[in-house]
Structures are given as structure tokens and as C-alpha cells.
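First up is the structure itself, then whatever we jot down about it.
In this note's numbering, the protein residues as written are 1 to 520.
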């Protein structure tokens, strides 16, 4: 009886809340006549002596990554194309929404594409933005029932379980930011605890056109719905909410301290003076077809096979950083095979105490032993302190940096970056986690950068910094798992997941038996 009632409720909800018609949905494309804009002229000057190459500047510092986005929003004169998985209504999210509003007021054409799973509490502001001249907002794979959204999973799980995980911020089709960061305080070091250690790439040159073309592909896809067909009608106070939220955010003491620290960052002055250091390299953009969100892409055409071909077979060493690492049996075989063939494989992910998604740890924990037996080295960020994930020039992976209070993290951090370095020659930066969700369900985006200097800096930093700020996972004499922490000159050994309770460990152990790996 209970099952029948549930089925009736599900069918009823589907009938009451169907997806709106997608058509008519006018197609649009990135603006190309932007050579004479300030950003176009600046990019042209930077690239004229580097034909065919793209300039890359890694953003491993949260406040600098926020500052870069604000600078692009304020510098754009023709267009802003923004694509994100999560956009929060907190300090950084409110300020960036207000920057979009201000840009549109200057005549900049704004296209904002957000995955509808990550827009909690923003229906009013997004509807108000969409109602402005020069702004169009589209929701990717939308929930029809706006509250509570989770009910949608009961009625359309197969569709809503697939999300757009891409992140890009492109100004005037001349300069772009891609990487691991969503829009929210935890990604930009704008709060004192619960921060994410992350990585973005700021880029100029030919690869920007590739990002813009990919944005067009998603914008015009069958999963991108005009916000006006999904969101409630615009209310008079919704636009005021954007302005007021930004004003309130700017006037809190914490925000003022954060914004003051952002204004003193080197990237601000370097951008103004045109002295921002670029690493010039052949850069290839890789991404999923947006039809992946509808389950309509053949397995061989997904990003992972494309990325594997682009990055090539490691011959000497592989350094992989993934905040959410669920290798599956197939991944274990890949990494183990590399290690047996003499490739030095080292992997950095979150410790149980640091992860923000404990269920993902359940899909990784039981795979540690076979990886270690094959010779793969495993490191787990313990979340005590923290810092940048990947080197930029001589800056160190997990090295020191400045946060809003003068230190990187107060109260712990979790790894969110997704990058890997191969053979001192090739580097991947993007949104792709090494887990089944990134491989099979979510759409992803990233750069393969052919740059020995950047790649070798990552490898050097991995060796110098990672052991000091992580637990190294090892096999004990009895075959069990040990966690090794190096604290100053002291070496501490743990025989169970350090910094966790028995109940937390027991829950992870139980979850590891459930057939949920494909969801992780």
C-alpha cells in the first residue's frame, strides 16, 4: 500500500510540475569583435610575441582568485560569459552578482549559465538579473519544483542526478578563468574556517576562443533553460536584494578586512600595470559534450577518454591531486599497473577528518590497501592549516599564503583542487575529479597545459610540501593501514583514521559495503 501511494505521489508531482517547453530558445554566440576593447588590446599585446601559444597564470590563492574575477567583471566592455556549478548568496557571491549588475548597466552583454543544483536561495536575485537589459540567465538541468528542491530527485532522479560541474569566467572573449572554484566564500578564503584549497587558471590567447565556443555549446544545449521559464515571477524587491546584499556584505567588519586584504594583493597592481607574469604554452581545452547531462553521449566520447589521450601515458612519474578520489576497481588497476611498470605514482586527496563529503571517502577507503601494495604513494590532507595546492613559478604546493586574517586557514581546510602532473611535461587543471561522478554523470571542463616549467614546479612542490601537511598512508608490518604525520621533527603514527571518532569511522565502514560507488 505504501509503495503504491509513493508511486501515485511521484506520478502526480510529474504531472503537476512538468519541465517547461525549451523552444523557442534563441541561440546566441560569443562576441568576436573585441580586439579593440581594453582587454582585447591587453591580450593582443601579451600574445603578439607568442604566436599559437596561450598564456597561463595559475591562481592558487583564494583571495587572488576572487580579485581576478572582480577585475575581469569591471574591465569588460562588451561581454561576460559565466558558467558555474555553484553560486552562493554569501559575501563573495553577493559581491560578484552586484558586479554583474553593474557591468550590464555599462552596456556589457552578460550571459550567466548556472547549474540549478547550486543556486539555493537565489531564485529572486537570478530572476531580477535576468529581467535586466543586457543580461540573460539560463539554468542548466533545472528543478521545476522550486521548494523543496530535493523532491525533484524522487520524481526525476535519472535526469537530475546528472549535473553541469564546469566552471568558467570569460570577459570580452579575450581572457578567461577556468578551474576548480565555484562562487562562494569557502573557495575564495573569505571566511575563517571550512575553506577549500583550490586551483584556477587565468588564460589569454587561442584557448580563450575554445572556452567561448564551449560555452556557446552549453548555452544553446537542450539542458539550458531560460530562467524566466523556471523561476517565479520577478518581484520589485528582488533587484534591490542584490544591491542591498552587496552593501551589507561590504559593511561588515569581516568583509571589510577581507576586501582590504584583496586590494593589496600583487595581482591587482600587476593587472593594472600589464606586468602579470604569464607562462606561455600549448594549451588544449577538454570538455564533455553537454548532451552527457541527458545520457546521450557514447562512452568513448566522454571527457575522460579524451583527457587520457591528451595527457598521454605516464612514463616516469604522475602526481594526482583530487579532493574527491574514488578510483573504482578500474582506477586501481590503472594506477597499480603504472606503479608496477616503474612509474612513480603519488596521489593527494582528503583525509576523513578534512573531507566535506564523508560518503565519498567510503568509496576510496577500501581501495587504499591494493594501491599501496602496488607501490602507489598516498597522501591525505589533514585539514590542519593548509595553503595553495599547486605551484605558480616558485610558489609551493601547499605552501604559505595570506588569507583574510593574514594566515591561510583558521579552523581547517579541505582539498577541492583537481589537477595532475605527468612526467615533468604536462599539467591538467580543471573541474574533473577522479571519481565515477566526473567520469560518467557530471559534465566537466579543463586545460591540458604543455609546460615543463609549470609541471616541474608542481612536482617539486609536491615533494617539498605535501609530506609536511598531510598524513602519508602506509602499510604496517601486519598489513594494516598506518597514517604517518610529520610534525616538526616528530613522526607520529596512527593505526586508525586520525582526528575522527569511532562512530564516524564505523559509518564510513558501513557505507563502503553499499552499492553506491557509481553515485560518488
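By construction, the Cβ of each residue, glycine as well, lies at the ideal position given by its N, Cα and C atoms.
| Item | Value |
| --- | --- |
| From 361, 369, 375, residue whose alpha carbon lies closest to that of residue 381 | 361 |
| Backbone secondary structure at residue 30 - three-state DSSP | coil |
| For residue 226, the first and last residue of its enclosing alpha helix (DSSP H) | Segment 224-226 is the beta strand (DSSP E) holding residue 226; no alpha helix (DSSP H) there. |
| Backbone CA spacing between residue 493 and residue 472 [nearest angstrom] | 10 angstroms |
| One or two residues paired with residue 281 in a DSSP bridge | 54 |
| Stretch-stretch touch, CB-based, cutoff 8 angstroms, three pairs: the region 114-129 with the region 255-272 | no |
| Residue 431 (DSSP reduced to helix, strand or coil) | coil |
| Segment contact flag, the region 109-117 with the region 83-94, C-beta cutoff 8 angstroms, min 3 pairs | yes |
| Contacts around residue 407, its chain only, beta-carbon distance under 7 angstroms, and the 5 residues preceding and following it disregarded | Because the pLDDT at residue 407 is just 26, under 50, the model does not fix this residue reliably, and the value given afterwards should be weighed accordingly. Contacts found: none. |
| Spatial neighbours of residue 141 in its chain, beta-carbon cut-off 8 angstroms, leaving aside the 5 residues before and after | 115, 116, 117, 159, 160, 162, 163, 164, 223, 293 |
| Residues that residue 87 bridges to, as DSSP identifies them | 183 |
| Spatial distance of residue 503 from residue 326 (CA atoms) | 22 angstroms |
| Which of helix, strand or coil DSSP assigns to residue 218 | helix |
| Touch test, the region 39-55 against the region 239-255, Cβ-Cβ under 8 angstroms, three pairs minimum | no |
| DSSP state of residue 325 mapped onto helix, strand, coil | coil |
| Per-residue burial, residue 266 [other beta carbons within 10 Å of its own, 16 or more giving buried] | exposed |
| Assumed close pair residue 480, residue 353 - CB separation to whole angstroms, cut-off 8 angstroms | The Cβ separation is near 19 angstroms, so there is no contact. |
| Which of helix, strand or coil DSSP assigns to residue 168 | strand |
| Candidates 76, 282, 238: closest to residue 36 by CA position | 76 |
| Rounded separation between residue 308 and residue 302 - CA only | 10 angstroms |
| Helix, strand or coil at residue 141 according to DSSP, with G and I counted as helix | coil |
| Under the three-state DSSP convention, the category residue 204 falls into | strand |
| First and last residue of the uninterrupted beta strand (DSSP E) at residue 345 | 344-350 |
| Test item: CB-CB of residue 167 and residue 445 under 8 angstroms | yes |
| Cβ-heavy atom distance, residue 253 to the ligand ATP, below 7 angstroms | Absence of the ligand ATP from the depicted structure is noted, as is the absence of any ligand whatsoever, leaving it without description. |
| Classification of residue 275 by the beta-carbon crowding that lies within 10 angstroms, buried from 16 upward | exposed |
| Per DSSP, cross-strand counterpart(s) of residue 420 | 320, 428 |
| Presumed contact (8 angstroms Cβ cut-off) between residue 295 and residue 418, rounded CB distance | About 23 angstroms; that fails the 8 angstroms criterion. |
| Rounded Cβ spacing between residue 452 and residue 424 (contact assumed at less than 8 angstroms) | 6 angstroms |
| CB of residue 377 within 8 angstroms of CB of residue 343, strictly | no |
| Reference residue 375, options 139, 474, 91, closest by Cα | 474 |
| Anticipated Cβ contact below 8 angstroms, residue 283 with residue 56, distance rounded | 6 angstroms |
| First through last residue of the beta strand (DSSP E) which encompasses residue 513 | Residue 513 -> no beta strand (DSSP E), and no H or E assigned at all. |
| Inter-residue Cα distance where the pair is residue 255 and residue 28 | 37 angstroms |
| When 261, 421, 298 are compared against residue 319, the one with the closest alpha-carbon | 421 |
| Own chain residues within Cβ distance below 6 angstroms of residue 34, not counting five before or after | 40, 78, 172, 173, 174 |
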